[in-house]
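Asks: Sharing a structure with you now.
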Amino acid sequence: GLINALGFAKKHHARILQASTSEVYGDPLEHPQKESYRGNVNTIGPRACYDEGKRVSVTLMFDYHRKWGMEIKVARIFNTYGPRMAKNDGRVVSNFIVQALDNQPITIYGKGGQTRSFCFASDLVEGLVKFMNSPNEFTGPVNLGNPGEFTIKELAEKIIDLSESKSKFIYEALPDDDPRQRKPDITLAMSKLNWQPQIKLEDGLKKTIRYFQEQLSKE
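Okay, structure coming up:
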């Protein structure tokens, strides 16, 4: 699919954006993660297919850029959430909200001390638009995410509180290669794109919880 998209963009002299991911950093040994960090990815682990697939996609983007002079933009997107997420997409925010609204036990992997950074969807979209409208020579990679850092357990507690849920926690074993820390260094995006997230986690969660309440009530 990426090869076809690159071929189409080359043929039509189009600028192309790759939605890369913070997963290219693996279980990072550098914190917060800068774009210059090359990552700590287990190439044979259970997450390798996704992590390495994204990494090779970046390689292909830059190969086309070097060989054909294609206009490329590579965005490293950190955890993003908001209304219109699918309730069964497997993401931590949607999982926790659906469990909380149903007053079902909320599943915490490990002790819940692993950290993530959560960017509201509209903030991310603004960053992507600014990135695509930036000068040709600014190819990225550039981190797009919210540098606010929270443990998974803190996220669950916020969702329980905001949804007035009676859910309790259940704990399961931490999956292999689950990253212990996630926090983007967005210095580059701030300086090159004049961009940084505006929506705080609590405000974004309120909007997302309302959306899921509406969806679940229809069912």
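Note that our numbering has the sequence shown beginning at 406, numbered continuously upward. Where a beta carbon is used, it is the ideal one built from N, C-alpha and C, also for glycine.
Start and end of the alpha helix (DSSP H) containing PRO491?
Replies: Reading off the sequence, residue 491 comes out as Ala, not Pro. From DSSP, ALA491 is part of no alpha helix (DSSP H); its letter is neither H nor E.
Asks: Can you round the beta-carbon distance between THR613 and ILE511 to whole angstroms, since I take them to be within the 8 Å contact cut?
Replies: Contact doesn't hold; Cβ gap of about 15 Å is too wide.
Asks: Taking only runs of the alpha helix (DSSP H) that begin and end inside the segment 506 to 575, which ones reach a length of at least 4 residues, in chain order?
Replies: Runs of the alpha helix (DSSP H) inside the segment 506 to 575: 526 to 537, 557 to 568.
Asks: Alpha carbon to alpha carbon, how far is ARG471 from HIS418? Give it in angstroms, no decimals.
Replies: Near 14 Å, if we compare the C-alpha coordinates of ARG471 and HIS418.
Asks: Reducing DSSP to helix, strand and coil, say where ALA419 ends up.
Replies: ALA419 falls in the coil class under three-state DSSP.
Asks: From this set, SER527, GLN438, ILE408, ILE565, which residue's C-alpha is nearest SER633's C-alpha?
Replies: Look at the range of the chain in this structure, 406 to 624, and you will see that residue 633 is not part of it.
Asks: Please say whether GLY450 and ASP583 have beta carbons closer to each other than 7 Å?
Replies: Cβ distance not < 7 Å, so ASP583 and GLY450 don't count as in contact.
Asks: Are the CB atoms of LEU529 and LEU549 within a distance shorter than 7 Å?
Replies: Their beta carbons are under 7 Å apart, which means LEU549 touches LEU529 by this criterion.
Asks: By a C-beta neighbour count over all protein chains shown, 10 Å radius and 16 as the cutoff for buried, is ARG420 buried or exposed?
Replies: Exposed: under 16 other Cβ atoms inside 10 Å.
Asks: Using the Cβ count rule (16 or more neighbours within 10 Å means buried), how would you classify ASN538?
Replies: With fewer than 16 Cβ atoms within 10 Å of its Cβ, ASN538 is classed as exposed.
Asks: DSSP state of TYR430, grouped into three classes?
Replies: Note: TYR430 maps to helix in three-state DSSP.
Asks: Going by DSSP in three states, ASN599 sits in which element: helix, strand or coil?
Replies: Note: ASN599 maps to coil in three-state DSSP.
Asks: Report all residues from its chain with a CB closer than 7 Å to the CB of LYS611; omit the five preceding and five following residues, and keep chain order.
Replies: For LYS611, where only same-chain residues beyond five positions count, the Cβ hits under 7 Å are LEU567.
Asks: Excluding five sequence neighbours on each side, which residues of the same chain lie with their C-beta closer than 7 Å to the C-beta of LYS439?
Replies: Closer than 7 Å at the Cβ level, and outside the excluded window around LYS439, lie ASP590.
Asks: Identify every residue that forms a DSSP beta bridge with PRO584.
Replies: Per DSSP, none; premise fails for PRO584.
Asks: Please name the residue, chosen from THR426, GLN519, PHE617, ILE604, that lies closest to LEU560 on a Cα-to-Cα basis.
Replies: That would be GLN519, whose Cα lies nearest to the Cα of LEU560.
Asks: Between which two residues does the alpha helix (DSSP H) harbouring ALA453 extend?
Replies: Where ALA453 is concerned, the enclosing alpha helix (DSSP H) stretches over 453 to 473.
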